[in-house]
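Please read the structure below before turning to the comments.
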Amino acid sequence: MNGDTVSSIVSSLNNRNPKPFAVSFNEICWTQWLQLWNQYFGVNGYVAEAQWAAIAPSFHGRPASDVGQNIPGSNPVRRYSRLTSNCSAFGNVTAILGTSATRQVRYFNDQNASNINNDKNENKGAVCVQTNVFNAVSCSIHTSAAAAAATKNQSFEFSVFVNQWTNAGVGMFVMGDYNLWPTDDPYFNTWWYAVFAEADEKSGRPRANKGETTDGGSPIDYIFRRSPNAYSVQPYIYQSSFSDHHWYEAYL
């Protein structure tokens, strides 16, 4: 694991005043998150949740058993039997300011061995945390890039999942890699943009000209906000040397 990645993220977070209200990660390995929790999130008043897949032929999209490595930020602390080596699992994490939280993990359908192998042994899914601060919810999502049909189905599946909070009218932040361009899927292009405020569009950039969020020039990463459906200024996209996806930052 590249320690420079962790130190760079911690330095960036420490330079922000006030502290970020919510932060999400995709394709992060569990050892990186362990260090980030110990060095920043665990000592700065955050609650968090993580979702992992482990490198094992028999895993096939299922959570591992209840023995093994402790993962910080969860309540109760989740234990995964196959997290025994450096970066042996990758997944999604979301962290939000607060002292108590309700956490939920969603493993998407259309999981299969080839999908997991092709996507670096990462189960596609989402994690959501509702904090005691304003009852706000933060989610991290990653859909499959293995097949267009699976990507669209998982995006729809997630929209159904988050309805429990949209119907309640609480503030929400949904961040992650949808592996969809804005116009790839009619449902995505209507429901998500109607129910949530997408950071680029609501900050003055037309949907058809959404900011590029990957080294390949794809605008497939999103920050959606709800209640209120607004941002103070245009989002900031930073090209990092540590990932082919960019650091994407929105302002409340």
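Taking the working numbering, the leading residue of the sequence shown gets 3, the next gets one more, and so forth.
Backbone N, C-alpha and C fix where the C-beta goes; we use that ideal spot for every residue, glycine too.
List the whole-angstrom C-beta distance separating Tyr109 from Phe158, where the pair is believed to meet the contact cut-off of C-beta under 8 Å. Under the criterion of beta carbons closer than 8 Å, Tyr109 and Phe158 do not qualify as touching, at roughly 15 Å.
Buried or exposed: where does Ala138 fall if 16 or more other Cβ atoms within 10 Å of its Cβ makes it buried? The residue is buried, with at least 16 neighbouring Cβ atoms inside 10 Å.
Taking the Cβ atom as the reference point for each residue, do Tyr180 and Ile225 lie within a distance shorter than 8 Å? Between Tyr180 and Ile225, the C-beta gap is not smaller than 8 Å, which leaves the two residues out of contact.
Val8, DSSP secondary structure in three states: The DSSP-derived three-state label of Val8 is helix.
Give the straight-line distance between the Cα atoms of Ile30 and Thr7, rounded to the nearest whole angstrom. Roughly 10 Å between the two C-alpha positions.
Segment limits, beta strand (DSSP E) that includes Asn94: DSSP places Asn94 in the uninterrupted beta strand (DSSP E) bounded by 91-99.
Taking 8 Å as the cut-off, decide whether the C-beta atoms of Asn231 and Phe198 are in contact. Between Asn231 and Phe198, the CB-CB gap stays under 8 Å.
Count the other C-beta atoms from every protein chain shown that fall within 10 angstroms of the C-beta of Pro184, then say buried if there are 16 or more, exposed otherwise. Answer is buried; the Cβ neighbour count reaches 16.
Ignore the nearest five residues each way along the sequence and tell me which others in Thr133's own chain have a CB closer than 7 Å to its CB. Closer than 7 Å at the Cβ level, and outside the excluded window around Thr133, lie Val49, Ile98, Leu99, Gly100, Ala103.
Can you list, in chain order, the residues of its chain with a C-beta nearer than 7 Å to that of Thr153? Leave out the 5 residues immediately preceding and following it. Taking C-beta separations shorter than 7 Å and ignoring five residues to either side along the sequence, the partners of Thr153 in its chain run Thr145, Ser146, Ala147, Asn181, Leu182, following chain order.
Below-8 Å beta-carbon distance, Glu200 vs any chain C residue: You won't find chain C in this structure, because it holds only one protein chain.
Check the C-beta distance from Ser142 over to Asn40 and give it rounded, since I have them as a contact under 8 Å. Their Cβ separation, rounded to whole angstroms, is 19 Å, which puts Ser142 and Asn40 out of contact at 8 Å.
Alpha carbon to alpha carbon, what distance is there between Glu203 and Asp186? Roughly 16 Å between the two C-alpha positions.
Whose C-alpha, out of Ser9, Ser234, Gln37, is nearest the C-alpha of Ala201? Checking every option, the nearest Cα to that of Ala201 belongs to Ser234.
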